Each structure stands twice: as C-alpha cells, then as structure tokens.
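Trainee:
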Amino acid sequence: MKWIDAKLWELGVTRHEQYKVAFLLDSTAMITLHTSKYGTVEIKPLALIWRLVPAYRPENTIMIDDIPRNFLMNPQSGLRVRPFRNAHVNQSTDRELLRLRQYLKDIARSVDDFTQLDHRKWESYMPKTVQSSATVYSKPTLPADDPEAPVSDDAKDDQQP
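Letter by letter, the sequence shown follows residues 1 to 161 in UniProt numbering.
#1: From the DSSP output, in three-state form, read off Val89 for me.
#2: Taking 8 Å as the cut-off, decide whether the C-beta atoms of Gly78 and His119 are in contact.
#3: Roughly how many angstroms lie between the CA atoms of Asn74 and Gln91, to the nearest whole one?
#4: Starting from the C-beta of Ile43, find all residues in its chain whose C-beta is less than 7 Å away, skip the five residues before and the five after it, and write them out in chain order.
#5: Just to confirm, is the Cβ distance from Ile62 to Phe23 under 8 Å?
#6: With 16 other CB atoms within 10 Å as the buried threshold, where does Trp122 fall?
#7: Across which residues does DSSP place Leu79 in a beta bridge pair?
#8: Taking buried to mean at least 16 other C-beta atoms within 10 Å of its own C-beta, is Ile49 buried or exposed?
#9: Closest to Arg57 by C-alpha separation, out of Pro45, Ile67 and Asp65, would be which residue?
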C-alpha cells in the first residue's frame, strides 16, 4: 500500500479536498482465483467493500482498471481503460481520463443502477436525455472558453483542482 499511497500523494489525489477517494485497495486486498482462461490470477473483490460498507453496492460502484481479469468476479462493475504508457511522449495527446470524467458525470446524473450499463461501450455513451431529444451531444462551453460567460454550478464542478 505504500507505493499507491506515495503515488496518489505525489499526484495530489489524497491531499486535495476536491477528490473524494472512498477506498484504496492494493494487491494485499486481492484474492486468488483459478480460471480456465487465465489460469491462477489475483483479482479485486468488490464484495469486500460492499460487505464492509452497505452504502456501496453493485448498483453504485464502478471499478476502473486497465487489466480486464481484475473484473472476473464483478464483470458488470468493471470499466476498462487503456494503460497509460510512455508518459513523456503521450502526456500532451492522451485525453482518455477527460472523456472518462465526462462519462462518470453523465451516468451519475442520469443512471440509478450502474449494473444496467455496458461499460465496454463507455466511450460512445450518450445520456438518455440527449438520446431522446435526437440532438447531437456536444461538450458544453466552459468559462475558460468564453471569459464573459457566467459560471454555472456545473461548470464550477468541471474546474480542475
């Protein structure tokens, strides 16, 4: 756990009030599972969290990881992202976390049960209100784009810490 604590501290995640980190689980919380497809693997058991804190349930939990076998016990809660490699080369063009942030905000506002979603299609997700109105979904203009625009509560949420 020391490595993940140090990395999240370095990134500012665990020392900034706007980040709402509920749990950190490292390899010591993983369990061993034997599968025909992957052989013996270590996986992340979300049931541990759901058992310890009843407010967290499959309906309101998403596990984000770049290793799909970590979702074996909870496939409906898993959202796979691409691994971030070669940071020195890709940091200026990688936008996956920005798109992921928008997806998470959209489903938090419009979906009561996350298990009803197919997270494999997260990059093409459109909120129901957008789908039903048959309009094209586009990113709202942020205050930084228009300095004279009033700052709404939603736009304030979008501002980076």
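Built from N, CA and C at the ideal position, the CB exists for glycine as well. These numbers come from a predicted model, not from an experiment.
Mentor: Once the coordinates are examined:
#1: helix
#2: yes
#3: 31 Å
#4: Met30, Ile31, Leu33, Arg69, Asn70, Leu72 and Met73
#5: no
#6: buried
#7: Ile64
#8: buried
#9: Pro45
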